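Numbering (full-length UniProt numbering), first residue to last: 1 to 112.
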């Protein structure tokens, strides 16, 4: 299997593992878009991810996130301590992270 074929296989596997119905990040692209586009998405993402690897730069939009406060359903609604934050990030960036993790995990020895 060539490097490109391995990349395509990793993207496809990562796409399938991503949960549908999750909130989108600042780019407003849900993971369902990538799943519905199938091979077209895999080709596009492979090209995008290879450009990121070659340039050694991630898109600036991926560095942004949206912090949403969620009430814990206990205590006073007016108290900030009764909220927890949810960070909404780009689903495309999450796919990228999964591909990178898949490449690094076999190479890295994790000790406790």
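Every residue gets a Cβ at the ideal spot worked out from N, C-alpha and C, and that includes glycine.
A quick note: this is a predicted structure, and the numbers were derived from the prediction, not measured.
What residue range is occupied by the uninterrupted alpha helix (DSSP H) comprising residue 52?
-> Taking the first residue of the chain shown as 1, we reach residue 52 at position 52. Element bounds for residue 52: 39 to 55.
Let me know if residue 58 comes out buried or exposed under the rule of 16 or more other beta-carbons within 10 Å of its beta-carbon.
-> Start at 1 with the first residue of the chain shown, and residue 58 comes out as number 58. Classification of residue 58: exposed, given that the 10 Å Cβ count is below 16.
Check whether the Cβ atoms of residue 99 and residue 29 lie closer than 8 Å to each other.
-> Locating residue 99 in the chain shown gives position 99, where the first residue counts as 1. Locating residue 29 in the chain shown gives position 29, where the first residue counts as 1. Not a contact, by the Cβ cut-off of 8 Å.
Going by Cα to Cα distance, which pick from 74, 56 and 69 is closest to residue 86?
-> Translated into the one-based positions of the chain shown, residue 86 becomes position 86. When each option's Cα is compared against that of residue 86, the closest is 69.
If you compare alpha carbons, which of 84, 91 and 103 is closest to residue 63?
-> One-based indexing of the chain shown puts residue 63 at position 63. Selected option, being the one with the closest Cα: 91.
Measuring alpha carbon to alpha carbon, tell me which of 14, 60 and 51 ends up nearest residue 38.
-> Residue numbering aside, residue 38 sits at position 38 when the chain shown is read from its first letter. Residue 38 has its Cα closest to that of 14, out of 14, 60 and 51.
Since I believe residue 88 is in contact with residue 23 (beta carbons under 8 Å), could you give me their beta-carbon distance rounded to a whole number of angstroms?
-> On the chain shown, residue 23 is found 23 positions in, with the first residue counted as 1. On the chain shown, residue 88 is found 88 positions in, with the first residue counted as 1. At roughly 5 Å, the Cβ-Cβ gap stays under 8 Å, so residue 23 and residue 88 are in contact.
Using CA coordinates, which residue listed in 65, 42, 36 and 101 is at the minimum distance from residue 27?
-> Indexing the chain shown from 1 puts residue 27 at position 27. Residue 65 is the option with its Cα nearest to residue 27.
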